[in-house]
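Visitor:
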Amino acid sequence: SRDLAALSGEPGWMGNGTDLQPGPRPGEVATASIFFGALWLFSVFGNSLVCLVIHRSRRTQSTTNYFVVSLACADLLVSVASTPFVLLQFAAGRWTLGSAMCKAVRYFHYLTPGVQIYVLLSICIDRFYTIVYPLSFKVSREKAKKMIAASWIFDAAFVTPVFFFYGSNWDHHCNYFPPSSWEGTAYT
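So the sequence shown is numbered by the working numbering: it starts at 19 and just counts up by one.
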């Protein structure tokens, strides 16, 4: 009978440990970079095109299209201010840009979905009044602009606590979730 200490030195010995890799494998990084890079290009190109077409053509400047432009701008914001940095963290295996940049990236990461939800709610309100009161009520361009501005301002204020709860910590990762302290629990 051989003891475990003798077995651990032999080739092919698989111990009872965990193989900890510091980050993703190079093939995973390359695949993710190509995939997310292509998605990023489509997002930036497509949303920029939506904004450009509606801005340049007077015929397409309806209240509904104002809402669509706001959604496209929110998509552009997350594509430019969040996605490249998250991919950088994935590729590097750690956060290299500091705590302040981590907070800014998280802020935009959480700002855009909320804005999109509020803008979609505004579209629902617009459609409701258009269908229920077709002759007596119409959301004007000015009302649509105010609804869009309110969506952005309300969510910008709502997401502000991100600056206090997120950041790059001791292990050089930009956290996706609030800390397990009471402050993060109170916010969620």
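We treat Cβ as the ideally placed atom computed from N, Cα and C, and that holds for glycine.
1) What's the C-alpha gap between C69 and S88?
2) Measuring alpha carbon to alpha carbon, tell me which residue in G64, S61, T81 is nearest K163.
3) Counting only runs of 4+ residues fully inside the region 101-173, write out the alpha helix (DSSP H) ranges in chain order.
4) Inspect the beta-carbon positions of I72 and V86 and report whether they are closer than 8 Å.
5) Using 8 Å as the Cβ pair cut-off and three pairs as the minimum, do the region 124-134 and the region 145-156 touch?
6) Can you say whether A118 is buried or exposed, counting buried as having 16 or more other CB atoms within 10 angstroms of its CB?
7) I'd like the list of long-range same chain contacts for A168, defined as Cβ closer than 6 Å, with 5 residues on each side in sequence excluded.
8) Would you mind giving the Cβ-Cβ distance between V212 and L129, rounded to the nearest angstrom? I have them listed as a contact below 8 Å.
9) Specify, as a first and last residue, the run of the alpha helix (DSSP H) that P44 falls within.
Guide: Result, derived from the coordinates:
1) Mapped onto the sequence shown, residue 69 falls at position 51. Mapped onto the sequence shown, residue 88 falls at position 70. One C-alpha to the other measures close to 9 Å.
2) Counted from its first residue, the sequence shown places residue 163 at position 145. Looking at the Cα atoms, T81 is the closest of the given residues.
3) If we require 4 residues or more, the alpha helix (DSSP H) runs fully inside the region 101-173 come out as 101-110, 116-150.
4) Position 54 of the sequence shown holds residue 72. Position 68 of the sequence shown holds residue 86. For I72 and V86, yes; Cβs fall inside 8 Å.
5) The region 124-134 vs the region 145-156: no contact.
6) On the sequence shown, residue 118 is found 100 positions in, with the first residue counted as 1. With fewer than 16 other CB atoms across the displayed protein chains lying within 10 angstroms of its CB, A118 is exposed.
7) Working through the sequence shown from its first residue, we reach residue 168 at position 150. If we look at A168 and ignore the five residues flanking it on each side, it has no Cβ neighbours.
8) The question about residue 212 has no answer, for the chain in this structure spans 19 to 206.
9) Locating residue 44 in the sequence shown gives position 26, counting from the first residue. For P44, the uninterrupted alpha helix (DSSP H) run begins and ends at 44-74, by DSSP.
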